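Participant: Following this message is one structure expressed as structure tokens.
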Amino acid sequence: MATTATATTTKLWGGGKSPFNVEYGKVMMWYFLMSDAFTFGAFLISYGTIRFSTNGWPDPNEVFRSFPFAPEGVHAPLVFVSIMTFILIISSVTMVLAVQAGHNMDKKRVVNNLIWTIIGGAAFLGCQAWEWNHLHHEGAWWGSNPFLNHDGTASSTNFTNYFFTITGFHGFHVFSGVIINIIMLIMTLADKFEQRGHYLMIEKAGLYWHFVDLVWVFVFTCFYLI
Amino acid sequence: MSNEAVLHASVGAHHEAHGDEHHEHHHDTFITKYVFSQDHKMIAKQFLITGMVWAVLGGLMSVLFRLQLGYPESTFPWLQDILGKWAEGGKITPAAYYALVTTHGTVLVFFVLTAGLSGTFANFLIPLQIGARDMASPFMNMLSYWFFFAASIVMLSSLFVETGPFSGGWTAYPPLSALGDASPGSKSGMDLWIISMALFVVSSLLGGLNYIATILNMRTKGMSMTRLPLTIWALFFTAVLGVLSFPVLLSGFILLIFDRNFGTSFYLSDIFINGVGALPNEGGSAILFQHLFWFLGHPEVYIILLPAMGMVSEIMSVNSRKPIFGYMAMVGSLFAIAILAFLVWAHHMFVTGLNPLLGSVFVLLTLLIAVPSAIKVFNWLTTLWRGNVRFTPGMLFAIGFVSLFISGGLTGIWLGNSALDIHLHDTYFVIAHFHIVMGVASMFGMFAGIYHWFPKMYGRFMNDTLAYIHFWVTMAGAYLIFWPMHYQGLAGMPRRYYDFSVWESFKQFGELNQFISLVAMIVFAVQLLFLFNFFYSIFKGRRVATLNPWGANTLEWTTPIRPGHGNWVGEIPEVHRWAYDYGKDGKEFISQDTPVGADESHH
Amino acid sequence: MEHTTEHHEHAGGGTKEIIKVTVILTVLTIVELILGFWMIDIPLDSQSLRLGIKGTIVILMMAKAFYIVAYFMHLKHELKNLIMTIVVPLALFIWFITAFLYDGNSFRNLRNTYDPHFKEQSTIKVEKKEHGTTEKHEAAPVKEHGGH
Numbered sequence: 000m001a002t003t004a005t006a007t008t009t010k011l012w013g014g015g016k017s018p019f020n021v022e023y024g025k026v027m028m029w030y031f032l033m034s035d036a037f038t039f040g041a042f043l044i045s046y047g048t049i050r051f052s053t054n055g056w057p058d059p060n061e062v063f064r065s066f067p068f069a070p071e072g073v074h075a076p077l078v079f080v081s082i083m084t085f086i087l088i089i090s091s092v093t094m095v096l097a098v099q100a101g102h103n104m105d106k107k108r109v110v111n112n113l114i115w116t117i118i119g120g121a122a123f124l125g126c127q128a129w130e131w132n133h134l135h136h137e138g139a140w141w142g143s144n145p146f147l148n149h150d151g152t153a154s155s156t157n158f159t160n161y162f163f164t165i166t167g168f169h170g171f172h173v174f175s176g177v178i179i180n181i182i183m184l185i186m187t188l189a190d191k192f193e194q195r196g197h198y199l200m201i202e203k204a205g206l207y208w209h210f211v212d213l214v215w216v217f218v219f220t221c222f223y224l225i
Numbered sequence: 000m001s002n003e004a005v006l007h008a009s010v011g012a013h014h015e016a017h018g019d020e021h022h023e024h025h026h027d028t029f030i031t032k033y034v035f036s037q038d039h040k041m042i043a044k045q046f047l048i049t050g051m052v053w054a055v056l057g058g059l060m061s062v063l064f065r066l067q068l069g070y071p072e073s074t075f076p077w078l079q080d081i082l083g084k085w086a087e088g089g090k091i092t093p094a095a096y097y098a099l100v101t102t103h104g105t106v107l108v109f110f111v112l113t114a115g116l117s118g119t120f121a122n123f124l125i126p127l128q129i130g131a132r133d134m135a136s137p138f139m140n141m142l143s144y145w146f147f148f149a150a151s152i153v154m155l156s157s158l159f160v161e162t163g164p165f166s167g168g169w170t171a172y173p174p175l176s177a178l179g180d181a182s183p184g185s186k187s188g189m190d191l192w193i194i195s196m197a198l199f200v201v202s203s204l205l206g207g208l209n210y211i212a213t214i215l216n217m218r219t220k221g222m223s224m225t226r227l228p229l230t231i232w233a234l235f236f237t238a239v240l241g242v243l244s245f246p247v248l249l250s251g252f253i254l255l256i257f258d259r260n261f262g263t264s265f266y267l268s269d270i271f272i273n274g275v276g277a278l279p280n281e282g283g284s285a286i287l288f289q290h291l292f293w294f295l296g297h298p299e300v301y302i303i304l305l306p307a308m309g310m311v312s313e314i315m316s317v318n319s320r321k322p323i324f325g326y327m328a329m330v331g332s333l334f335a336i337a338i339l340a341f342l343v344w345a346h347h348m349f350v351t352g353l354n355p356l357l358g359s360v361f362v363l364l365t366l367l368i369a370v371p372s373a374i375k376v377f378n379w380l381t382t383l384w385r386g387n388v389r390f391t392p393g394m395l396f397a398i399g400f401v402s403l404f405i406s407g408g409l410t411g412i413w414l415g416n417s418a419l420d421i422h423l424h425d426t427y428f429v430i431a432h433f434h435i436v437m438g439v440a441s442m443f444g445m446f447a448g449i450y451h452w453f454p455k456m457y458g459r460f461m462n463d464t465l466a467y468i469h470f471w472v473t474m475a476g477a478y479l480i481f482w483p484m485h486y487q488g489l490a491g492m493p494r495r496y497y498d499f500s501v502w503e504s505f506k507q508f509g510e511l512n513q514f515i516s517l518v519a520m521i522v523f524a525v526q527l528l529f530l531f532n533f534f535y536s537i538f539k540g541r542r543v544a545t546l547n548p549w550g551a552n553t554l555e556w557t558t559p560i561r562p563g564h565g566n567w568v569g570e571i572p573e574v575h576r577w578a579y580d581y582g583k584d585g586k587e588f589i590s591q592d593t594p595v596g597a598d599e600s601h602h
Numbered sequence: 000m001e002h003t004t005e006h007h008e009h010a011g012g013g014t015k016e017i018i019k020v021t022v023i024l025t026v027l028t029i030v031e032l033i034l035g036f037w038m039i040d041i042p043l044d045s046q047s048l049r050l051g052i053k054g055t056i057v058i059l060m061m062a063k064a065f066y067i068v069a070y071f072m073h074l075k076h077e078l079k080n081l082i083m084t085i086v087v088p089l090a091l092f093i094w095f096i097t098a099f100l101y102d103g104n105s106f107r108n109l110r111n112t113y114d115p116h117f118k119e120q121s122t123i124k125v126e127k128k129e130h131g132t133t134e135k136h137e138a139a140p141v142k143e144h145g146g147h
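Protein chains in written order, with numbering that gives the first Met the number 0: chain A, 0 to 225; chain B, 0 to 602; chain C, 0 to 147.
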């Protein structure tokens, strides 16, 4: 048995410590996100499967063409959703900054950045609520699809079914992410992390928040772009 | 502050806290000790006993529907006494028959062989065998059990609703599962079924994440991954399978809920229901549900089987007084099985209209599973070879497991071929195959584990004589029940039929069906004997007198006979060797915490 | 404990890196949007061009995903062990996606071949709104029936 050789390998996997150099909570968070990736993956792949087994599909640029406060009948495809996308990206950036501030034990910057992240999340949810409401007024809902296919033929309700189910599930994740961030904010303000001597909880909340952003990258592409 | 520093700080604090608990005072109340316990050993026992309750219920259901299959002409007035309107005039109604079959399958697959098997032994063995005081998160562990408990209650309550429990088969294919009008069981019984299964998914995720994090992060000093006992490796891959495949089932169920309640048509298209008419749902695909279901469903088979494999490897090595043959090959084949488990799901769907080319790829991938399975079988056999075998009850069940795994596994090669599957699909051949290889074999693994670790769980032994009766009757019974089913299946007898006596082509099997039902009842009765042995031995069994009654190497036998919360009284032992130093250098066994001697030979 | 300090240095990643990644993500998104706008004007018949653009968008999407996971989620700065345990299982998605989509496509062909009604439905043009041009992006047809 090689006892002296490869000291680093023994150190990593030899027991008595984490082979990843991270505490168990972060390991769990990562694997939870993996399993959640499979949840979202299954949704999006189901959507793809149904789309592949259907003869036509609506044009997203026809469906998602409106904008808040714009006159009825305005044609502005991709504009509103790109704003939503940027809101989420920016909120992800502020979350990274919060995590980084946590590393430096800089409570004030953690609080600032967390507040911006929460605002970003809330703004995204607001946009989504507006869009849902707007589509609903046009007659779109689970089980009803007012839009026609690209080529003018009747469209399957599965277009709206999947849209509302998947964006709804994503919105639910954003919502829970905002709640988690609010809890983190309260704990930071209550000096909980200062007492613990580390801001690892913020890091885990951050992982979750970035995951929500990551999922949006896929949802955005699958529903609005292609 | 870096992760690592935090890690060490928190682990230190953890140990200290447990130390206090042990040396000074016990202030556990009944509630914190037996009900909302966070001790992994107690949670394991909770899983085990809940699993046993479900095993009895699920087993009883099979006896009831075997009565119908074996004696389709007879009536049993006492059935009406226990089942009421579901057995009007002493004969089980078709609706009740399907409900029984469905609930039997769901309960045994998920509640008994998933929660009851990996829930019990992952909780019990992981911290003990890797040298940890408890799971990474004892609280989440407790939640895992209580989510399972909630799932159990919901499933149980579904048995009592007016329209009966779900009755469309444990696979819950739409449209039967998606349309309330499709059958009585598709109404509120199905709603409860989905709720129960969703709770169960949450339970298994909480548990699985915990098992993975514990095995990776909490191993004691010196316990490198390649020194882990094979039980832990198997439980590790089981947890990985669960964490990656259950979410897909959850997605499938969420879509199903929308189809049931919110007018969507993910799985529905071109449907006409008698008395209701044509449905407006268009554009969905029932095959999509099958894909999603089997993406979990196939890994699920290995979630059930791997823990049994791991325990059998361990028990077999201990009782052969020999190192396990091919440790790394065993780990490698577990890994290969875990990967292949994700790649073969559509072999359950060859006759659904699956694309034939795609089907042929699935055939190829499916047949590949034979390779790691064969490696495992040969390694078990070579472990036994020239061993100094002690036929303890645990060992007998372990050997029985291997026998069943071979018999059931070989028929898997038949079924994995899409061309043969056209004939064999949905016949009793399939029933025989999966009951032997997954059902009974995993039950054997579970029994082996219970007999082997009972002394550690309760500080007493189970009665050997009863155990031997239990083994031989169950072993013979398993073959007598399921072996003939192969012939029935080859003759084309379809599964899930209510009454075969009305079919000219299957009348010839009338007496055989009767025989199978009779054996099923005997085997069920013997399981009650096992339960009696189990509960009697908890209180009255022979006391364990030594720390290490089996002469095993693993760490759980270095704890006190009845370990408290925290497992080890003093320091956690450090590990210096793998778990399989049996018969080395003239010593019968060398415990893992024994330092390597200067003149010791290499293994 | 030399390892600890080393890890600590890595852990930050630095504000510079965050800015860099933000810029990259923004640029990628803008390119995606440009492609999206371009695709609006491409007629349905030029299928291969549309497919090519869609493929490019998917590649850009993967690039965005990489930057978020690697830098925002810090995976790139974790130990290789952790990276591998995350990335390797994700490879399962390859077969997951391939098999599902392939079978979806095959199911459509099956129905088009053996279900004349299904095939017929997908060729009947539904009445469109005001100006009867067959394609493109005037306002979408808004049918006034509440699906609430």
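The C-beta atom is built at its ideal place from N, Cα and C for all residues, glycine as well.
The model shown is predicted, which means the values in this text are computed figures rather than measured ones.
Name the two residues that bound the continuous beta strand (DSSP E) containing L460(B).
Facilitator: According to the sequence as given, residue 460(B) is Phe; it is not Leu. It is not in any beta strand (DSSP E) - F460(B) carries neither H nor E in the DSSP assignment.
Participant: Which chain B residues sit within Cβ distance under 8 Å of T187(A)?
Facilitator: Per Cβ cutoff of 8 Å: no residues; T187(A) is ~16 Å from chain B at best.
Participant: Between L155(B) and the ligand GDP, is the CB less than 7 Å from at least one heavy atom?
Facilitator: Among the ligands in the structure shown, none appear at all, so the ligand GDP cannot be discussed.
Participant: Quick one: is G331(B) buried, meaning 16 or more other Cβ sit within 10 Å of its Cβ, or exposed?
Facilitator: Answer is exposed; the Cβ neighbour count stays below 16.
Participant: At a Cβ threshold of 8 Å, is W37(C) touching chain D?
Facilitator: Going by chain labels, chain D is absent from the structure shown, which instead holds the protein chains A, B and C.
Participant: With a CB to CB cut of under 6 Å and the five nearest residues on each side skipped, what residues in its chain are close to V388(B)?
Facilitator: Correct list, in chain order: S319.
Participant: Using Cβ-Cβ distances below 7 Å, what residues of the segment 218-243 of chain B are close to chain A?
Facilitator: If the cut-off is 7 Å between Cβ atoms, the segment 218-243 of chain B has R218, T219, K220, G221, M222, S223, M224, V242 and L243 near chain A.
Participant: How long is the line joining the alpha carbons of K583(B) and R576(B), rounded to whole angstroms?
Facilitator: Computed Cα separation, rounded: 12 Å.
Participant: Going by the DSSP bridge assignment, what does K124(C) pair with across the sheet?
Facilitator: Paired residues: T152(A).
Participant: Compile a chain-ordered list of the residues in the segment 241-263 of chain B whose CB is closer than 8 Å to at least one CB of chain A.
Facilitator: Flagged, chain order: V242, L243, S244, F245, P246, V247, L249, S250, G251, I253, L254, F257, F261, G262 and T263.
Participant: Run through the segment 415-497 of chain B for me and flag every whole alpha helix (DSSP H) of 4 or more residues, listed as ranges in chain order.
Facilitator: With a minimum length of 4 residues, the continuous alpha helix (DSSP H) runs that stay inside the segment 415-497 of chain B are 417-423, 427-433, 440-457 and 463-489.
Participant: Rank V216(A), L77(A) and H149(A) by C-alpha distance to the C-alpha of L32(C) and give the top, closest one.
Facilitator: Of V216(A), L77(A) and H149(A), the residue nearest in Cα terms is L77(A).
Participant: For K90(B), which of helix, strand or coil comes out of DSSP?
Facilitator: Coil, per DSSP.
Participant: Considering only residues of the same chain and omitting the five flanking positions on each side of H2(C), which have a CB-CB separation below 7 Å?
Facilitator: Below a pLDDT of 50, predicted positions are generally treated as unreliable, and H2(C), at 40, falls in that range; the measurement from the model is reported next regardless. No residues qualify anywhere along the chain.
Participant: Short of 7 Å in beta carbon distance, which residues of its chain neighbour A181(B), apart from the five on each side in sequence? Order them along the chain.
Facilitator: Excluding sequence neighbours, A181(B) sits near P174, L175 and I272.
Participant: Measuring only between beta-carbons, confirm whether F265(B) sits less than 8 Å from chain A.
Facilitator: Yes, F265(B) lies at the interface with chain A (some Cβ there is under 8 Å from its Cβ).
Participant: Given a threshold of 16 other Cβ atoms within 10 Å of its Cβ, counted over all protein chains shown, does E161(B) qualify as buried or as exposed?
Facilitator: Exposed: under 16 other Cβ atoms inside 10 Å.
Participant: Could you please tell me which residues of the segment 264-285 of chain B, in chain order, have their CB closer than 7 Å to any CB of chain A?
Facilitator: Here the close residues are S264, F265, E281, G282, G283 and S284.
Participant: Let me confirm a value: D258(B) is counted as buried when at least 16 other C-beta atoms fall within 10 Å, else exposed. Which label applies?
Facilitator: Buried: at least 16 other Cβ atoms inside 10 Å.
Participant: Exposed or buried, K203(A), counting other C-beta atoms within 10 Å across all chains shown (16 or more means buried)?
Facilitator: So K203(A) ends up on the buried side.
Participant: Quick check on DSSP: helix, strand or coil for H24(B)?
Facilitator: Because the pLDDT of H24(B) is 48, which lies under 50, any placement of that residue in the model is unreliable, and the number read from its coordinates should be weighed accordingly. In this structure, H24(B) counts as coil in the three-state DSSP scheme.
Participant: So, at 6 Å on beta carbons, what are the nonlocal neighbours of T159(A) in its own chain, with the 5 sequence-adjacent residues on each side left out?
Facilitator: Only A139 and N144 meet the Cβ criterion.
Participant: Considering just the uninterrupted stretch of the alpha helix (DSSP H) at T252(B), what are its terminal residues?
Facilitator: Looking at the sequence itself, residue 252(B) is Phe, so the reference to Thr does not match. Element bounds for F252(B): L229 to N260.
Participant: In terms of residue numbering, what span does the beta strand (DSSP E) encompassing E587(B) cover?
Facilitator: That run of the beta strand (DSSP E) goes K586 to F588.
Participant: In chain B, what lies closer than 8 Å to N160(A) by C-beta?
Facilitator: Going along chain B in sequence order, the residues near N160(A) (Cβ under 8 Å) are F257, T263, S264 and F265.
Participant: Does Y603(B) pass the burial test, meaning 16 or more other C-beta atoms within 10 Å, or should it be called exposed?
Facilitator: Any property of residue 603(B) remains undetermined from this structure, which presents chain B solely from 0 to 602.
Participant: Leaving aside the five residues before and after I225(A) along the sequence, list all residues of the same chain whose C-beta is less than 6 Å from its C-beta, in chain order.
Facilitator: So the list is empty, once near-sequence residues are dropped.
Participant: With a CB to CB cut of under 8 Å and the five nearest residues on each side skipped, what residues in its chain are close to L63(B)?
Facilitator: Hits under 8 Å: L78, L82, I91 and L99.
Participant: Among the candidates N416(B), M437(B), L419(B) and R385(B), whose CA atom is the shortest distance from the CA of F404(B)?
Facilitator: Considering only alpha carbons, the answer is M437(B).
Participant: Just reading off the beta strand (DSSP E) that Y581(B) is part of, what are its end residues?
Facilitator: Note, Y581(B): beta strand (DSSP E), Y581 to K583.
Participant: Return the chain-ordered list of same chain residues with a C-beta closer than 7 Å to the C-beta of I193(B), the five sequence neighbours on each side being excluded.
Facilitator: So the qualifying residues of the chain are F252, L255 and I256.
Participant: Along chain C, which residues have their Cβ under 8 Å away from the Cβ of M28(A)?
Facilitator: Neighbours of M28(A) on chain C: none; closest Cβ ~10 Å, over 8 Å.
Participant: From F470(B) to T49(B), what distance separates their C-alpha atoms?
Facilitator: Going from the Cα of F470(B) to the Cα of T49(B) covers about 22 Å.
Participant: Less than 7 Å between C-beta atoms, sequence neighbours within five positions excluded: which residues of the same chain meet that for H149(A)?
Facilitator: Excluding positions up to five away in sequence, the list reads G55, W56, P57 and D58.
Participant: Is A277(B) helix, strand or coil when you go by DSSP?
Facilitator: Correct three-state label for A277(B): strand.
Participant: Whether or not the segment 113-127 of chain B and the segment 66-76 of chain B are in contact is what I'm after, with contact meaning three or more pairs of Cβ atoms, one per stretch, closer than 8 Å; do they touch?
Facilitator: At 8 Å Cβ cutoff, the stretches do not touch.
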